[in-house]
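Residue numbers (the working numbering), protein chains in the order written: chain Y, 1 to 192; chain L, 1001 to 1192. Input: a single structure, listed below in structure tokens.
Number of protein chains: 2
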Amino acid sequence: MARWEPNTRERLVRAALDLFTEQGYDATTVSEIAERAGGLTKMTFFRHFPDKREVLFAAGQEIHSRLLADAIAAAPAPATPLEAVAAGLDALTVTFSDDRRELAGRLRTVIAANGELRERAVFKRAGLTEALREALEKRGVPDPAASVAAEIGIGAYYRAFERWADSDGRQTLTELTRQTLEQFRAATAALG
Amino acid sequence: MARWEPNTRERLVRAALDLFTEQGYDATTVSEIAERAGGLTKMTFFRHFPDKREVLFAAGQEIHSRLLADAIAAAPAPATPLEAVAAGLDALTVTFSDDRRELAGRLRTVIAANGELRERAVFKRAGLTEALREALEKRGVPDPAASVAAEIGIGAYYRAFERWADSDGRQTLTELTRQTLEQFRAATAALG
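See the structure below:
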């Protein structure tokens, strides 16, 4: 009855990342991932993810988009667009506890080694940007300000994520993202 | 000897777009595209493109990245980052003559109908943004200003491209892109 355990999804993600790291993405099958995740079957895998590639992206994209959107909707009315973005990024980044830092570095290595995964990663980033833009639009931020603020926010988040994955963990992802967003804001203001 | 004609690549692109429009992307084979392009063979197709999907993207991404990068490198030294971006976009957009406007609308319809193509289109956009960012960095624009300026430039270009594809062609893509870039610049300045 392993398939009913609540953390099946998370175990599949970790098993996939382990196998992709050990033997490469192309050489790994869905059956192997399911087996490594604690003797699960292919069928169980496909109840959680449509294919091998999505195991690294689907869960994150959905949850992260929702965290961003909800926090932006909940930001106080007088918040500027970039303050609302900062609130969204705070809500997203506090979910990354330090034990995920090592995973983040390995995930990056696996993605960098495979064209299909690189492409999917870019698509995920675009999805997050669009979620942020839509949430700003719902607050009444006009276009194209909403687009620009969303690009700045996601740009800062990805940059901070890189720094975090490379770091010794002394600063949290939330702290690094706040600093990086401020750098992006200052650089943007200086563009004139 | 049809395969030696200089415009083989262009004919393959147009044949692919025709067939994707008529019968859908999934239902179209590489052999059909080659045949429609004037009795060419699959082998000829594969000399120009690695697969069916790339026929819509490969040529554009390569050429457009180069046009952007060369014009940004050639912009006069005192140009601000956004002025250099504008020069790059001018060089890119003047290559879109009005007879490509109708093609652009059809290309959009084909891409919107297929997940694989939408994903590839997002990857192309990211590639153009990266080309722009790199070209700015070579001019000495520091990071993250180069990233933000690149996002603004590509954001404005894509927005203008939509407007152009929907328009009656009274304004050129170059004119529309200049206007849209100015709107993006103003919205960015207003973010504070």
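Backbone N, C-alpha and C define an ideal beta-carbon position, used for all residues, glycine too. Bear in mind that the values here come from a model prediction, so they are computed numbers and not experimental data.
Discussion item. If contact is defined by three or more beta carbon pairs under 8 Å, each pair taking one atom from either stretch, is the region 21 to 39 of chain Y in contact with the region 74 to 89 of chain Y?
Written reply: no
Worksheet item: Can you find a C-beta in chain Y that's less than 8 Å from the C-beta of alanine 1131/L?
Response: no
Discussion item. So, for arginine 1120/L: in the same chain, excluding its five sequence neighbours on each side, which residues have a beta-carbon less than 7 Å away from its beta-carbon?
Written reply: Arg1053, Phe1057
Item to complete: Answer with yes or no whether the minimum CB distance from glycine 1169/L to chain Y is below 8 Å.
Response: Output row for glycine 1169/L: interface = no.
Worksheet item: From asparagine 207/Y to leucine 19/Y, what does the alpha carbon distance come to, in whole angstroms?
Response: Within the shown structure, residues of chain Y are numbered from 1 to 192, placing residue 207/Y beyond reach of any answer.
Worksheet entry | Residues that arginine 1159/L contacts on chain Y, provided the C-beta gap is smaller than 9 Å | Ordered by position in chain Y, the residues that pass the 9 Å Cβ test against arginine 1159/L are Asp143, Pro144, Ser147.
Worksheet item: Within the chosen definition, does the region 1087 to 1100 of chain L reach the region 1140 to 1147 of chain L through at least 3 CB pairs nearer than 8 Å?
Response: no
Discussion item. I need the DSSP call for glutamine 171/Y, collapsed to helix, strand or coil.
Written reply: In the structure shown, glutamine 171/Y sits in coil (DSSP, three-state: anything other than H, G, I, E or B).
Fill in: Cβ neighbour criterion (16 or more within 10 Å) applied to lysine 1138/L
exposed
Fill in: Spatial neighbours of alanine 238/Y in its chain, beta-carbon cut-off 6 Å, leaving aside the 5 residues before and after
Chain Y is shown from 1 up to 192; residue 238/Y falls before or after that span and cannot be answered.
Fill in: CB of phenylalanine 161/Y within 8 Å of CB of leucine 173/Y, strictly
yes
Item to complete: Within the same chain, show all residues whose beta-carbon is closer than 7 Å to that of threonine 93/Y, passing over the 5 residues directly before and after it, in chain order.
Response: Leu173, Thr174, Thr177
Discussion item. What residue range does the alpha helix (DSSP H) around arginine 1009/L cover?
Written reply: 1008 to 1023
Item to complete: Give, in chain order, every unbroken run of the alpha helix (DSSP H) that is at least 4 residues long and sits entirely within the region 21 to 51 of chain Y.
Response: Counting whole runs of 4 or more residues, the region 21 to 51 of chain Y contains the alpha helix (DSSP H) stretches 30 to 36, 42 to 48.
Worksheet item: Rounded to whole angstroms, how far is the Cβ of valine 1122/L from the Cβ of alanine 69/Y, which I believe are closer than 8 Å?
Response: Going by Cβ atoms, the distance from valine 1122/L to alanine 69/Y rounds to 19 Å, so no, they are not a contact pair.
Fill in: Min CB distance alanine 126/Y to chain L below 8 Å
yes
Worksheet entry | aspartate 1133/L classed as buried or exposed, judged by whether at least 16 other C-beta atoms fall within 10 angstroms | Reading off the sequence, residue 1133/L comes out as arginine, not aspartate. Label assigned to arginine 1133/L: buried.
Fill in: Whole-number beta carbon distance between leucine 117/Y and glycine 153/Y, since they are thought to touch under 8 Å
Incorrect: roughly 24 Å between the Cβ atoms, too far for contact.
Worksheet item: Is it buried or exposed for alanine 135/Y, if we count other Cβ within 10 angstroms and need 16 for buried?
Response: buried
Fill in: Test item: CB-CB of isoleucine 63/Y and glycine 88/Y under 8 Å
No.
Practice prompt. Please say whether arginine 108/Y and alanine 165/Y have beta carbons closer to each other than 8 Å?
Written response: Yes. Within cutoff.
Discussion item. So within the region 1081 to 1143 of chain L, which uninterrupted alpha helix (DSSP H) runs reach at least 4 residues, ignoring any that extend past its ends?
Written reply: Runs found: 1081 to 1093, 1099 to 1112, 1115 to 1138.
Discussion item. Quick check on the burial criterion: 16 or more other C-beta atoms within 10 angstroms. Buried or exposed for phenylalanine 49/Y?
Written reply: buried
Item to complete: Following the continuous alpha helix (DSSP H) through phenylalanine 942/L, name the residue where it begins and the one where it ends.
Response: Only positions 1001 to 1192 of chain L appear in the structure, and residue 942/L is not among them; the question remains open.
Worksheet item: So, helix, strand or coil for leucine 191/Y, using DSSP?
Response: coil
Worksheet item: Any residues in the region 111 to 122 of chain Y with a beta carbon nearer than 9 Å to a beta carbon of chain L? Which ones, in chain order?
Response: Arg118, Glu119, Arg120, Val122
Worksheet item: By how many angstroms is the C-alpha of lysine 1124/L removed from the C-alpha of glutamine 179/Y?
Response: The straight-line gap from Cα to Cα measures roughly 30 Å.
Item to complete: Assign threonine 79/Y to one of three DSSP states: helix, strand, or coil.
Response: Correcting the residue type first, residue 79/Y is alanine in the shown sequence and not threonine. The answer is coil: DSSP assigns alanine 79/Y none of H, G, I, E or B.
Discussion item. Less than 8 Å between the C-beta atoms of valine 110/Y and tyrosine 25/Y, yes or no?
Written reply: yes
Worksheet entry | Local Cβ density within 10 Å of phenylalanine 45/Y, reported as buried at 16 or more and exposed below that | buried
Worksheet item: So, does the CB of glycine 60/Y fall closer than 8 Å to a CB anywhere in chain L?
Response: Judged by the 8 Å Cβ criterion, glycine 60/Y is not in contact with chain L.
Worksheet item: Out of curiosity, what's the CA-to-CA distance linking arginine 106/Y and alanine 1131/L?
Response: In a straight line, the C-alpha of arginine 106/Y is about 26 Å away from that of alanine 1131/L.
Fill in: Member of Ala187/Y, Met43/Y, Gln23/Y whose CA lies at the smallest distance from the CA of serine 31/Y
Residue Met43/Y is the option with its Cα nearest to serine 31/Y.
Worksheet item: With 16 other CB atoms within 10 Å as the buried threshold, where does arginine 1159/L fall?
Response: buried
Item to complete: Quick one: residues in its chain with C-beta nearer than 7 Å to the C-beta of leucine 1191/L, no 5 flanking neighbours on either side, listed in chain order?
Response: none
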